[in-house]
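Beneath this line is the structure, given in structure tokens, with notes to follow.
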């Protein structure tokens, strides 16, 4: 199963980025073969719609679960439409977030955790 973790850097020791649509990197991690792919977030500096664009990327990559700090209302709606399970409130190192997820320590969120335009400069 493919999960995605928002990250501030491009390795598993990086910190989880508290932003979804404007995170620095997306870490796509396959829980079956344990392979990870780091993708720089091309949407992070956009003027608007970055949550929706990033949500569409999750669908395109076949992501089933998202681990992040926060998610706004537009991204939440897009992710829900793509049947992506959303887990917010995640912090610490990416590798630790993956391990906690595998141990079942996270619960899905039931709505957006921040207002629109969270994390803009």
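In this note's numbering, the protein residues as written are 98 to 218. Quick reminder that beta carbons are idealized off the backbone N, C-alpha and C, glycines included. Keep in mind it's a predicted model, so treat the numbers as computed, not measured.
Margin query: Less than 8 Å between the beta carbons of residue 149 and residue 175, yes or no?
Written below: The residue given as residue 149 occupies position 52 in the chain shown. The residue given as residue 175 occupies position 78 in the chain shown. Their beta carbons are under 8 Å apart, which means residue 149 touches residue 175 by this criterion.
Checklist line | Residues bridged to residue 176 [DSSP beta-bridge criterion] | finding: In the chain shown, residue 176 corresponds to position 79, counting from 1. DSSP output for residue 176 lists no bridge partner at all.
Check: In this structure, does DSSP put residue 182 in helix, strand or coil?
Finding: Working through the chain shown from its first residue, we reach residue 182 at position 85. Three-state DSSP puts residue 182 in a strand.
Check: What's the gap between the Cα of residue 200 and the Cα of residue 128?
Finding: Locating residue 200 in the chain shown gives position 103, where the first residue counts as 1. Locating residue 128 in the chain shown gives position 31, where the first residue counts as 1. So the two alpha carbons sit approximately 12 Å from each other.
Margin query: Less than 7 Å between C-beta atoms, sequence neighbours within five positions excluded: which residues of the same chain meet that for residue 180?
Written below: Along the chain shown, read from residue 1 onward, the residue named residue 180 stands at position 83. Closer than 7 Å at the Cβ level, and outside the excluded window around residue 180, lies no residue.
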